[in-house]
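Asker: One structure follows; several queries about it will come next.
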Ligand SMILES: Nc1ncnc2c1ncn2[C@@H]1O[C@H](COP(=O)(O)OP(=O)(O)OP(=O)(O)O)[C@@H](O)[C@H]1O
Ligand SMILES: Nc1ncnc2c1ncn2[C@@H]1O[C@H](COP(=O)(O)OP(=O)(O)OP(=O)(O)O)[C@@H](O)[C@H]1O
Ligand SMILES: [Mg+2]
Ligand SMILES: [Mg+2]
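Protein chains in written order, with this note's numbering: chain R, 29 to 279; chain F, 29 to 279; chain V, 1186 to 1445; chain L, 1186 to 1445; chain W, 5 to 308.
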């Protein structure tokens, strides 16, 4: 499924946050969005997921969702957004309730995604008993359980420590290579963006405009730090001034 | 000033956290400490700063503090530890109160460190008005104001977003190159450790033991991703199994 | 020339000291008893712990205790149930609906600080002198803190959980039932704690009028007759009831909020 | 074959609706007045808003209002000052010292749920029927919530700030003065909010005995004389006082906690 | 037929207790449920709120305010303060006694303990002031809510003066906790209590009211025979037993403080009007209260 953003602008009251964004997320690609703090990345993702109505412009979907998809456009959240009073399995089940889905099939799906992501032994654990990495795995499992056509990820790893981040990024890439779900991946982290994305969309400071759209023209198997270094350098030059300015803003 | 750790062990009640740690932090070096979550890095740093009494073993200092040092061993905290009711200048002043220091000299020191770290325009701002990066700069300014002999940094950048982290690491390195203060730098982030440290101390899972002590034998000016890649690879292999195991632990 | 590190941490951590706790409790009672036994002050002014215990024992043996407790508990439970059910519903409306909040919140803020004891004469006119006015007093006292606790409990449900539910197309009623209500539970339970203690306080006021039995009535009678031992025995009963209620709420919290 | 995205967010955000607020307030008063004017219910049972306003105006014009207010405010202020100063000190001790907490907390928990109104007869014995017993009632009512709020305020001061202060070798007394007290201020102010409203409630109970003037005495007299209009006028006064106190505390919070 | 009466456990309610136990209510086909209260105020409120159909107790300013709004009607008399009947004592604390307060006339300018504003005690001190020509506004009137509170305040010298029922006053004076300096009945006789009901009762169940008043009058007659005529010792003893049972007091104490009750249960409408006027002058009763509207003299004729 493709996602077409047409001249979207958004503001909260008088605060202009997004200004005239147009882009297309192609079927099966990972589009990374980077930009300084407060430039409207989360706002854009909210608009893409139908949770926010843009002040101007519109978003279209194109193509059909895969077989058995219950929620074509699905989020993975920065703070995991797990229901703390539900077990791991319960949290995955939450996405499958209120659907035309027999109890048997629901159980089967839950079991399948928990197995896939290595959470089976933790099915009855509560979120508070889990490390941050395990919690985000639950978030990923929940998203996979509805068989999404498009994944929207809002800094999914930024609440984790560096080592866990490293581990999860590998796991995520492996999963993605198996499914090739269309994805929009918001991050502050250039390395993350370069390791995962087909294209990187660089937003300017608030109000967010598209500054650059950079294709990562290195095959995923060849993305060593050395190979990515020039691209990284170029992107960092493109954003560092704005990042510095955003850092020195009053909030 | 050197810091000598002799056979330190520590436990909280029945929970053994550190096991028989011996190491020396040499004058003028940055020693990075990495290790999986919960292995006792913060505990060790607490012992080094005299805030925790080790269950066993002892810590010695060797050599004298620099001229005008008010607090030879000084922390920089992960969560910044700013007094939210004090302005930027007030937070720096806090470290200088209760010292034999005239008001004039205090003002002068505050002004000096704020200028050095580019905070002068924000002297009267409250912490809540600042971005994360600016808050940590206040933490650094406060630490510099007491002219420390040894800096203890507990994941000082891990609460910041990737771009701000990038900016601050450069600033910190520039500052350090100007002062060459002895420092112990706790982090989860291999890249951070490799860019800053003279040596990297790898701790095992809890109870934390020293697993490896790796010298970073690349000159600081030559530390490009490509040059550091082999070392990074080696360290990552050394810690990844334990990081994976720590990630899958119940908390 | 190495020196050992100077320790500068410690302090500012309060550890449980069960021995201190017990000793302090015992000491208070012992000193009180000693002062009372010494006879410096008349027992009317300062009844002794032993005297109070005797009064309690007498009450228990004569069966009066159960009669008073039963009468009061019935009023408290009924008033609490009515008041907190209404408060919960009202608080949910305040929390979920903009218009309800705009309309209701100023009214709640204006009515909340009114001492219910001042309204007793009106309540008696409206509900008569029997049980209904007593139950109504307690129910009204419970209503406001419960409504406010529920409403701020709803307010404290993390927005991100609601966004998450919406992003999975969970229907609104299920968002309320499965996200907002459980998420507001900590707030609601702390409301229960407050309003239960208010119910205990109001039972004394409510039983001022025309109650033959009840812990409050017992205390008031003892006060009127200047039987300070009985009075304090009744007060002890209330204090024990209060501790019991606190314990029950804690138990409920441990059960229902085990996920925290 | 592209389709526009279906919107599924929204709701669950309560926006201020000032018009609803005003309308609701006006509607309540209007309906009340209409019911009262219609004469379906006797004015004994339901005094009209106009009648209450008239009673208030009369009170204001005759100068009685100020006399009652002055008498009550004096008691409230004195009782509040004494009770909250003591509560603050006690709460600090509970928060800072392990032994004080171990000894004090169980005692506080046992005494807190006791309705102060039940102790009035004892207070009259101890302090007489004059001002001291009234002030003492209010002070005792204020003491406990203040002690508990202070103690939990101290508990909520982030440990990392204390560690920071210690790491800069700040002496203990300065840690208390410059870190713990300001850090506990939010808790203390919320204690002030609660205990101020308790003081207002207790003024009615305290003025039951031997008070010629005071809002509480006025309300009780109105209740005795079955003048429901006067009674509700007095209740309105208390409600206004309550709102005023709430407003003052909010003001203090905005001032003192501007850093939040 | 079932009906109900709100009443205090005091000797002044004696006629009701006698009518109940001597079967006068039953003879009229009435089954009367007695509802006991601790103060005059709730007795009246109970009739207004519908908890009881009849009430009998002392007349207070609160009573007149309720009655003035058309909620209560006086239909028969109860106790009166009457010369020679030691019902309410003027009391002086020992401290005040030392300071020279030795007669009712000396109450001027002193503090005075009473239960509530608008209570019968409040009225009695007003009557006293009127008679002795001093200004009640110059006294400090201290509401203490209950008689036990008045006792301790007087005992502790926290109030100089008070008026107390003889059942408490006499034992206090005997213990020398305070001094009795006179009796209200001797000083200022007045219509203290009455039987009343709601206007609705009179409108809708007039026959019941008539039967009730008839039985009540028989109770009053029995009271008169037993305690005021005292011609039949057996009747006196039996009546005393009944009163002791209902009031839960010692027979001796009851006998010492029996109030006067007009033998035909009549009451003084004039006195009622005077009371209303007094309360209105004191601003304790609403100006709209009309004394003529409050009394109904069709069941029992007025004294005047
Ligand atoms: N609901 C809202 N109401 C008002 N302002 C908002 C709201 N949500 C976000 N904003 C503001 O809009 C701007 C953009 O917010 P957004 O969360 O989209 O930025 P972001 O790029 O995701 O930032 P970050 O990198 O910090 O996550 C910020 O200045 C933020 O303060
Ligand atoms: N005050 C304390 N009392 C009891 N246990 C503690 C205390 N502080 C830390 N611990 C436990 O000791 C272990 C080590 O804690 P420490 O904070 O030193 O780890 P860390 O290596 O800094 O972890 P992280 O990478 O998460 O910061 C953890 O399991 C922690 O739960
Ligand atoms: Mg964001
Ligand atoms: Mg740590």
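Backbone N, C-alpha and C fix where the C-beta goes; we use that ideal spot for every residue, glycine too.
Residue 1189 of chain V touches chain F at which residues, Cβ-Cβ below 9 Å?
Answerer: Residue 1189 of chain V sits at position 4 when you count from the first residue of the third chain. Under the 9 Å cutoff, chain F gives 86, 87, 88, 89.
Asker: Measuring straight from C-alpha to C-alpha, what distance separates residue 263 of chain R and residue 95 of chain F?
Answerer: Stepping through the first chain from its first residue, residue 263 of chain R is reached at position 235. Stepping through the second chain from its first residue, residue 95 of chain F is reached at position 67. Rounded to whole angstroms, residue 263 of chain R to residue 95 of chain F spans 43 Å at the Cα level.
Asker: Could you check if residue 279 of chain R is buried or exposed, using at least 16 other CB atoms within 10 Å of its CB as the buried criterion?
Answerer: Along the first chain, read from residue 1 onward, the residue named residue 279 of chain R stands at position 251. Per the 10 Å Cβ criterion, exposed.
Asker: Using a Cβ-based criterion (distance less than 6 Å to any ligand heavy atom), does residue 70 of chain F qualify as near ligand 4?
Answerer: What you label residue 70 of chain F is simply residue 42 of the second chain in a count that begins at 1. Yes, Cβ of residue 70 of chain F sits closer than 6 Å to a heavy atom of ligand 4.
Asker: Is any beta-carbon of chain R found at less than 7 Å from that of residue 1194 of chain L?
Answerer: Numbered from its first residue, the fourth chain carries residue 1194 of chain L at position 9. With 7 Å as the cut-off, residue 1194 of chain L counts as an interface residue toward chain R.
Asker: With a 10 Å radius around its C-beta and 16 neighbouring C-beta atoms as the bar for buried, classify residue 1198 of chain V as buried or exposed.
Answerer: If you number the third chain from 1, residue 1198 of chain V lands on position 13. By the 10 Å Cβ count, residue 1198 of chain V comes out exposed.
Asker: Can you tell me whether residue 45 of chain R sits near ligand 1, meaning its C-beta is under 6 Å from at least one heavy atom of the ligand?
Answerer: Taking the first chain and counting its residues from 1, the one referred to as residue 45 of chain R is at position 17. Yes, Cβ of residue 45 of chain R sits closer than 6 Å to a heavy atom of ligand 1.
Asker: Which parts of the segment 111-171 of chain W are runs of the beta strand (DSSP E), unbroken and 3 residues or longer, counting only runs that do not cross its ends?
Answerer: Listed in chain order, the complete beta strand (DSSP E) runs (minimum 3 residues) inside the segment 111-171 of chain W are 115-118, 144-147, 165-169.
Asker: Curious, which full-length beta strand (DSSP E) runs of at least 3 residues does the segment 237-272 of chain F contain?
Answerer: Correct list: 238-243.
Asker: Contact between the segment 1364-1376 of chain V and the segment 1407-1424 of chain V: three or more CB pairs below 8 Å?
Answerer: No, the segment 1364-1376 of chain V is not in contact with the segment 1407-1424 of chain V.
Asker: So, is residue 38 of chain F buried or exposed, given that buried needs 16 or more other C-beta atoms within 10 angstroms?
Answerer: What you label residue 38 of chain F is simply residue 10 of the second chain in a count that begins at 1. That one is buried.
Asker: Using the Cα positions of residue 1389 of chain V and residue 1305 of chain L, report the straight-line distance between them to the nearest angstrom.
Answerer: Here residue 1389 of chain V refers to the residue found at position 204 of the third chain. Here residue 1305 of chain L refers to the residue found at position 120 of the fourth chain. For residue 1389 of chain V and residue 1305 of chain L, the distance between alpha carbons rounds to 12 Å.
Asker: Just by C-beta distance, which residues in the segment 124-150 of chain W are closer than 8 Å to chain L?
Answerer: Answer set for the segment 124-150 of chain W: 144, 145, 146, 147, 148, 149.
Asker: Can you list, in chain order, the residues of its chain with a C-beta nearer than 6 Å to that of residue 1355 of chain V? Leave out the 5 residues immediately preceding and following it.
Answerer: Looking up residue 1355 of chain V in the third chain gives position 170. Excluding residues within five positions, none has a Cβ falling inside 6 Å.
Asker: What's the C-alpha gap between residue 161 of chain W and residue 12 of chain W?
Answerer: Position 157 of the fifth chain, counted from the start, is the residue given in the question as residue 161 of chain W. Position 8 of the fifth chain, counted from the start, is the residue given in the question as residue 12 of chain W. Taking the straight line joining both Cα atoms gives about 29 Å.
Asker: Closest to residue 156 of chain R by C-alpha separation, out of R/144, R/119, R/177, R/233, would be which residue?
Answerer: In the first chain, residue 156 of chain R corresponds to position 128, counting from 1. Measuring from the Cα of residue 156 of chain R, the nearest candidate turns out to be R/119.
Asker: So residue 158 of chain F contacts chain R; which residues on that side make the cut at Cβ distance below 8 Å?
Answerer: Counted from its first residue, the second chain places residue 158 of chain F at position 130. Per Cβ cutoff of 8 Å: 278, 279.
Asker: Hey, is residue 1314 of chain V's beta-carbon within less than 7 Å of any beta-carbon in chain W?
Answerer: For the purposes of this step, residue 1314 of chain V is taken as the residue at position 129 of the third chain. Answer yes: the Cβ-Cβ gap between residue 1314 of chain V and chain W drops below 7 Å somewhere.
Asker: For residue 1284 of chain L, does the three-state DSSP call read helix, strand or coil?
Answerer: What you label residue 1284 of chain L is simply residue 99 of the fourth chain in a count that begins at 1. Residue state, collapsed to three classes: helix.
Asker: Taking just the CA atoms, how far does residue 61 of chain W sit from residue 1294 of chain V?
Answerer: In the third chain, counting from the first residue as 1, residue 1294 of chain V sits at position 109. In the fifth chain, counting from the first residue as 1, residue 61 of chain W sits at position 57. One C-alpha to the other measures close to 41 Å.
Asker: Taking C-beta pairs closer than 9 Å, name the residues in chain R that residue 267 of chain F reaches, listed in chain order.
Answerer: Along the second chain, one-based indexing puts residue 267 of chain F at 239. The contacting residues are 191.
Asker: Count the other CB atoms within 10 Å of the CB of residue 122 of chain F; is the residue buried (16 or more) or exposed (fewer)?
Answerer: Locating residue 122 of chain F in the second chain gives position 94, counting from the first residue. Buried.
Asker: Are residue 236 of chain R and residue 68 of chain R close, meaning C-beta to C-beta below 7 Å?
Answerer: As a working mapping, residue 236 of chain R is identified with position 208 in the first chain. As a working mapping, residue 68 of chain R is identified with position 40 in the first chain. Yes, these two residues count as a Cβ contact at 7 Å.
Asker: If you follow the alpha helix (DSSP H) that residue 183 of chain W is in, where does it begin and where does it stop?
Answerer: As a working note, residue 183 of chain W is residue 179 in the fifth chain. Where residue 183 of chain W is concerned, there is no enclosing alpha helix (DSSP H), although the beta strand (DSSP E) it sits in stretches over 182-187.
Asker: How big is the Cα-Cα spacing for residue 128 of chain R and residue 216 of chain R?
Answerer: The residue labelled residue 128 of chain R in the question sits at position 100 within the first chain. The residue labelled residue 216 of chain R in the question sits at position 188 within the first chain. Taking the straight line from one Cα to the other gives about 38 Å.
Asker: I'd like the ranges of any alpha helix (DSSP H) spanning at least 4 consecutive residues and lying wholly in the segment 1350-1388 of chain L.
Answerer: Runs of the alpha helix (DSSP H) inside the segment 1350-1388 of chain L: 1357-1360.
Asker: Are residue 1265 of chain V and residue 1384 of chain V close, meaning C-beta to C-beta below 7 Å?
Answerer: The sequence position of residue 1265 of chain V within the third chain is 80, counting from 1. The sequence position of residue 1384 of chain V within the third chain is 199, counting from 1. Closer than 7 Å, so yes.
Asker: Hey, does residue 1371 of chain V have any beta-carbon neighbour from chain R nearer than 7 Å?
Answerer: Here residue 1371 of chain V refers to the residue found at position 186 when the third chain is read from its first residue. Chain R contact via Cβ: absent.
Asker: DSSP state of residue 220 of chain F, grouped into three classes?
Answerer: For the purposes of this step, residue 220 of chain F is taken as residue 192 along the second chain, with counting starting at 1. In the structure shown, residue 220 of chain F sits in a helix (DSSP, three-state: H, G or I).
Asker: Which residues mark the beginning and the end of the beta strand (DSSP E) in which residue 130 of chain F is found?
Answerer: By 1-based counting over the second chain, the position of residue 130 of chain F is 102. No beta strand (DSSP E) contains residue 130 of chain F, which DSSP labels as neither H nor E.
Asker: Any idea if residue 176 of chain W is buried or exposed, counting beta-carbon neighbours within 10 angstroms, 16 or more meaning buried?
Answerer: Numbered from its first residue, the fifth chain carries residue 176 of chain W at position 172. Buried, because 16 or more other Cβ atoms sit within 10 Å of the Cβ of residue 176 of chain W.
Asker: Looking at the strands, I want to know which residues DSSP matches up with residue 81 of chain W.
Answerer: What you label residue 81 of chain W is simply residue 77 of the fifth chain in a count that begins at 1. Paired residues: W/198.
Asker: Is it right to say residue 245 of chain W is buried, meaning 16 or more other beta carbons lie within 10 angstroms of its own, or is it exposed?
Answerer: On the fifth chain, position 241 is the one that residue 245 of chain W refers to. Counting Cβ neighbours within 10 Å, residue 245 of chain W comes out exposed, since fewer than 16 surround it.
Asker: Can you pull the chain W neighbours of residue 1229 of chain L, defined as C-beta to C-beta under 9 Å?
Answerer: As a working mapping, residue 1229 of chain L is identified with position 44 in the fourth chain. Here the neighbours are 52, 69, 70, 73, 74, 75.
Asker: Compare the C-beta of residue 217 of chain W against all C-beta atoms of chain L and say whether one is closer than 7 Å.
Answerer: Residue mapping note: residue 217 of chain W aligns to position 213 of the fifth chain, counting from 1. For residue 217 of chain W, the answer is no, since every Cβ of chain L falls outside 7 Å of its Cβ.
Asker: Does residue 119 of chain R come within less than 7 Å of chain F when only Cβ atoms are used?
Answerer: As a first step, residue 119 of chain R must be located in the first chain, where it is residue number 91. For residue 119 of chain R, the answer is no, since every Cβ of chain F falls outside 7 Å of its Cβ.
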